[in-house]
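K.L.:
Sequences listed follow chains A and B, in order.
One gets our numbering by counting positions in the first sequence from 1 and adding 612 to each.
One gets our numbering by counting positions in the second sequence from 1 and adding 612 to each.
Number of protein chains: 2
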Amino acid sequence: MKIVFIGSGNVATHLSTALKSSGHTVAQVYSRTLAHARELAGKMGTVAIDDLQQIDRLADLYIFSVKDDALSGLIARMPETEGLWVHTSGALSMELFAARRRAYGIFYPLQTFSKQREVDFREIPLFIEGSSYDVTDRLSQLGREISDRIYCLPEEKRRYLHVAAVFACNFVNHLYTLASDILEKADIPFEVLQPLIAETAAKVMEMSPWKAQTGPAVRCDEKVMRKHIEWLNDPLMKNIYSLLSENIRRHSERQQR
Amino acid sequence: MKIVFIGSGNVATHLSTALKSSGHTVAQVYSRTLAHARELAGKMGTVAIDDLQQIDRLADLYIFSVKDDALSGLIARMPETEGLWVHTSGALSMELFAARRRAYGIFYPLQTFSKQREVDFREIPLFIEGSSYDVTDRLSQLGREISDRIYCLPEEKRRYLHVAAVFACNFVNHLYTLASDILEKADIPFEVLQPLIAETAAKVMEMSPWKAQTGPAVRCDEKVMRKHIEWLNDPLMKNIYSLLSENIRRHSERQQR
Chain A
613 MKIVFIGSGN VATHLSTALK SSGHTVAQVY SRTLAHAREL AGKMGTVAID
663 DLQQIDRLAD LYIFSVKDDA LSGLIARMPE TEGLWVHTSG ALSMELFAAR
713 RRAYGIFYPL QTFSKQREVD FREIPLFIEG SSYDVTDRLS QLGREISDRI
763 YCLPEEKRRY LHVAAVFACN FVNHLYTLAS DILEKADIPF EVLQPLIAET
813 AAKVMEMSPW KAQTGPAVRC DEKVMRKHIE WLNDPLMKNI YSLLSENIRR
863 HSERQQR
Chain B
613 MKIVFIGSGN VATHLSTALK SSGHTVAQVY SRTLAHAREL AGKMGTVAID
663 DLQQIDRLAD LYIFSVKDDA LSGLIARMPE TEGLWVHTSG ALSMELFAAR
713 RRAYGIFYPL QTFSKQREVD FREIPLFIEG SSYDVTDRLS QLGREISDRI
763 YCLPEEKRRY LHVAAVFACN FVNHLYTLAS DILEKADIPF EVLQPLIAET
813 AAKVMEMSPW KAQTGPAVRC DEKVMRKHIE WLNDPLMKNI YSLLSENIRR
863 HSERQQR
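#1: Any beta-carbon of chain B closer than 8 Å to the one on ALA776 of chain A?
#2: Within the continuous alpha helix (DSSP H) that includes LEU871 of chain B, where are the two ends?
#3: Using a Cβ cut-off of 8 Å (strictly closer), state whether ARG729 of chain B contacts chain A.
#4: Closest to LEU773 of chain A by CA distance: which of B:GLU803, B:VAL747, B:ASP746 is it?
#5: Are ARG689 of chain B and LEU664 of chain B closer than 8 Å when you measure CB to CB?
#6: Using only the alpha-carbon positions, how far apart do LEU856 of chain A and ILE794 of chain A sit?
#7: Using three-state DSSP, classify GLU818 of chain B as helix, strand or coil.
#8: Using the Cα positions of VAL778 of chain A and ARG756 of chain B, report the straight-line distance between them to the nearest angstrom.
#9: Which residues share a DSSP beta bridge with PHE739 of chain A?
#10: Between which two residues does the beta strand (DSSP E) harbouring PHE640 of chain B extend?
#11: Given a limit of 8 Å on CB to CB distance, which residues of the segment 776 to 794 of chain B reach chain A?
#12: Any idea if ARG750 of chain B is buried or exposed, counting beta-carbon neighbours within 10 angstroms, 16 or more meaning buried?
#13: So is THR629 of chain A in contact with chain B if we call contact Cβ pairs under 8 Å?
#14: Near GLU767 of chain B, what residues of its chain come up, given a Cβ to Cβ distance below 6 Å and the 5 sequence neighbours on each side ignored?
#15: Since SER726 of chain A and ALA824 of chain B should fall inside the 8 Å C-beta cutoff, what is the C-beta to C-beta distance between them, to a whole number of angstroms?
#16: Leaving out five residues on either side along the sequence, give the residues of the same chain with a beta carbon under 8 Å from the beta carbon of GLU692 of chain A.
#17: Go to LEU790 of chain B, then tell me how far its alpha helix (DSSP H) extends in each direction, as first and last residue.
#18: Can you give me the C-alpha to C-alpha distance between TYR720 of chain B and GLY742 of chain B, rounded to a whole angstrom?
#19: Can you say whether THR645 of chain A is buried or exposed, counting buried as having 16 or more other CB atoms within 10 angstroms of its CB?
#20: GLU811 of chain A: buried (16+ other C-beta within 10 angstroms of its C-beta) or exposed?
#21: Alpha carbon to alpha carbon, how far is ASP846 of chain A from VAL747 of chain B?
#22: Which residue from B:LEU790, B:ALA630, B:TRP822, B:GLU842 puts its Cα closest to that of ASN859 of chain A?
#23: Starting from the beta carbon of GLN723 of chain B, find every residue of chain A whose beta carbon is closer than 7 Å, and list them in chain order.
#24: Using a Cβ-Cβ cut-off of 7 Å (strictly less than) and excluding sequence neighbours within five positions of ILE762 of chain A, which residues of its own chain qualify?
#25: List the endpoints of the continuous beta strand (DSSP E) containing LYS614 of chain B.
#26: Could you tell me which chain A residues have their CB closer than 8 Å to the CB of ASP833 of chain B, listed as they occur along the chain?
Structure below.
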């Protein structure tokens with residue numbers, strides 16, 4: 613397939629690398645910032661553009677991989693082309709394409725991508741949706757070339773997936789940040805927490821998270837929790853502590869019923 | 613060393629296994645529930661007791677590894693013995709021993725232990741505190757036999773460590789649970805989140821967590837956040853979503869200054 617990337621961020625970088633490795637051709641990389649387009653186009657051995665009018669009209673697939681709030685504007689300004697248009701956003705509907713296209717879809721890899729970290733794309737769950745049976749089928753075939761975990765998921769389910777990912781990734785990472793802040797105040801290096809973080813994640817590869825729950829809140833150890841809240845200086849951190857502890861307690865009561 | 617374990621839970625199980633592997637003798641395991649004491653004593657090839665009066669008076673080391681709220685009661689009822697008394701709690705002071713003993717300390721392994729999961733004890737950070745220079749030294753020596761990561765940490769710092777661990781482990785695991793709940797409602801298997809969870813944890817082995825932050829809150833993507841909150845049914849989950857997102861935003865503004 614001849615593929616054009618609209619966007620050159622983390623998702624575009626990892627997805628284009630995987631598709632190129634599977635023998636597909638990345639024909640162009642567009643970004644409104646030419647330097648960004650060039651960075652990815654250089655890796656792909658292809659052309660960087662920052663003007664939508666220069667888009668190759670004859671590609672098989674156009675992958676829109678841009679910030680969510682930029683997507684509908686880009687779709688509106690995109691010139692007419694051949695081929696299939698898809699986007700990689702978990703939160704947005706494929707119907708954003710409906711006013712412009714007959715054949716469109718979603719190609720959403722569920723992972724937290726950073727340019728500086730390599731990932732094994734075959735392990736990444738890839739969620740597909742197509743405007744027709746035929747489109748879904750073509751996207752699934754393409755997906756299977758780069759990942760072993762292809763799921764066809766309609767929008768009304770994908771939205772829950774996306775919220776769940778915010779909890780399991782973005783919010784989890786923020787708790788790592790808060791833990792790091794707390795340690796910093798006591799001059800303790802963050803590395804002391806790394807084995808704990810690794811094991812906490814490793815556990816839920818084997819058991820359900822509610823079975824893996826440990827700590828003062830699930831033990832209803834009020835004394836320790838009161839001390840912890842007292843030791844936290846920041847009011848927002850105190851709030852987060854109370855709210856999550858309360859929710860853990862409530863959850864564990866529900867499980868015991 | 614001849615060691616007696618007061619308690620037979622997850623920490624006692626993993627710690628006694630590591631100490632026995634290093635050539636020490638576990639002389640007895642006490643639990644108020646004899647079946648629990650027997651389970652661990654069986655693994656150690658040693659004696660199980662459920663009566664503190666049967667405690668061997670001539671051990672070198674007594675390791676109290678029980679629930680935080682049970683500790684002071686046990687210390688009060690413990691008979692006079694030879695040797696050193698220590699506990700394994702991150703949240704409690706070693707001064708709980710002061711009324712009973714001259715030589716005492718802390719031997720706190722920072723990890724989330726489950727009986728059914730093996731862990732490499734050499735990787736586990738072990739935090740030591742002693743009632744005297746000599747005690748600290750003896751505990752550090754013992755610690756180095758089972759772990760490569762020994763830290764001497766006074767109580768006023770250990771408490772921050774303990775709160776940080778609650779954020780990085782217990783609260784993180786609860787977010788996994790909430791993510792799992794959200795997926796369950798959409799009939800999506802939890803396993804689709806596992807690569808994301810593994811990568812989120814793996815990232816902070818290499819970069820600081822605030823640099824690893826991704827997602828709608830750090831991008832200030834208000835549209836997506838409003839939708840997410842709308843899609844969550846549970847008021848407590850809505851609260852958690854808002855509070856963590858607000859804190860991520862606040863944190864990222866602080867970093868940019």
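Note that beta-carbon positions come from the ideal geometry of N, C-alpha and C, so glycine has one too.
P.N.:
Taking the definition as stated:
#1: As a position in the first sequence, residue 776 of chain A is number 164, starting the count at 1. ALA776 of chain A counts as touching chain B.
#2: What the structure shows of chain B is the stretch from 613 to 869, and residue 871 of chain B is not part of that stretch, so it cannot be assessed.
#3: Position 117 of the second sequence, counted from the start, is the residue given in the question as residue 729 of chain B. Output row for ARG729 of chain B: interface = yes.
#4: On the first sequence, residue 773 of chain A is found 161 positions in, with the first residue counted as 1. Minimum Cα distance to LEU773 of chain A is reached at B:GLU803.
#5: As a first step, residue 689 of chain B is located in the second sequence; it is residue number 77 there, counting from the start. As a first step, residue 664 of chain B is located in the second sequence; it is residue number 52 there, counting from the start. It is a contact, given that the beta carbons lie within the stated cut-off.
#6: Counted from its first residue, the first sequence places residue 856 of chain A at position 244. Counted from its first residue, the first sequence places residue 794 of chain A at position 182. Going by the C-alpha atoms only, they are around 17 Å apart.
#7: Here residue 818 of chain B corresponds to residue number 206 of the second sequence, with the count starting at 1. In the structure shown, GLU818 of chain B sits in coil (DSSP, three-state: anything other than H, G, I, E or B).
#8: If you number the first sequence from 1, residue 778 of chain A lands on position 166. If you number the second sequence from 1, residue 756 of chain B lands on position 144. VAL778 of chain A and ARG756 of chain B: Cα-Cα distance of roughly 40 Å.
#9: By one-based count along the first sequence, residue 739 of chain A stands at place 127. In the DSSP output, where bridge partners are listed per residue, PHE739 of chain A has A:TYR720, A:TYR763.
#10: Residue 640 of chain B sits at position 28 when you count from the first residue of the second sequence. Per the sequence shown, residue 640 of chain B should be read as Gln rather than Phe. Taken as a continuous stretch (DSSP letters only), the beta strand (DSSP E) holding GLN640 of chain B covers 637 to 642.
#11: ALA776, ALA777, VAL778, PHE779, ALA780, CYS781, ASN782, PHE783, VAL784, ASN785, HIS786, LEU787, TYR788, THR789, LEU790, ALA791, SER792, ILE794
#12: One-based indexing of the second sequence puts residue 750 of chain B at position 138. Classification for ARG750 of chain B: buried.
#13: Locating residue 629 of chain A in the first sequence gives position 17, where the first residue counts as 1. Not closer than 8 Å to any Cβ of chain B, the Cβ of THR629 of chain A fails to qualify, so no.
#14: The count along the second sequence starts at 1 and reaches residue 767 of chain B at position 155. Counting only Cβ-Cβ distances below 6 Å, and skipping sequence neighbours, we find SER705.
#15: Locating residue 726 of chain A in the first sequence gives position 114, where the first residue counts as 1. Locating residue 824 of chain B in the second sequence gives position 212, where the first residue counts as 1. About 7 Å; that satisfies the 8 Å criterion.
#16: For the purposes of this step, residue 692 of chain A is taken as residue 80 along the first sequence, with counting starting at 1. Closer than 8 Å at Cβ, skipping near neighbours: ARG669.
#17: What you label residue 790 of chain B is simply residue 178 of the second sequence in a count that begins at 1. Counting along the chain, the alpha helix (DSSP H) containing LEU790 of chain B begins and ends at 784 to 797.
#18: What you label residue 720 of chain B is simply residue 108 of the second sequence in a count that begins at 1. What you label residue 742 of chain B is simply residue 130 of the second sequence in a count that begins at 1. Spanning the two alpha carbons is a distance of roughly 12 Å.
#19: The residue labelled residue 645 of chain A in the question sits at position 33 within the first sequence. Exposed, since its Cβ has fewer than 16 Cβ neighbours within 10 Å.
#20: Residue mapping note: residue 811 of chain A aligns to position 199 of the first sequence, counting from 1. Under this definition GLU811 of chain A is a buried residue.
#21: Within the first sequence, the letter at position 234 stands for residue 846 of chain A. Within the second sequence, the letter at position 135 stands for residue 747 of chain B. Answer to the nearest angstrom: the Cα atoms are 35 Å apart.
#22: Here the question's residue 859 of chain A lines up with position 247 in the first sequence. Of the listed residues, the one whose Cα sits closest to ASN859 of chain A is B:LEU790.
#23: For this step, residue 723 of chain B is matched to residue 111 along the second sequence. The contacting residues are PRO807, LEU808, GLU811.
#24: One-based indexing of the first sequence puts residue 762 of chain A at position 150. Answer for ILE762 of chain A: LEU738, ILE740, SER752, GLY755, ARG756, listed in chain order.
#25: For this step, residue 614 of chain B is matched to residue 2 along the second sequence. Here the beta strand (DSSP E) through LYS614 of chain B covers 614 to 618.
#26: Here residue 833 of chain B refers to the residue found at position 221 when the second sequence is read from its first residue. Ordered by position in chain A, the residues that pass the 8 Å Cβ test against ASP833 of chain B are LYS679, ASP680, ASP681.
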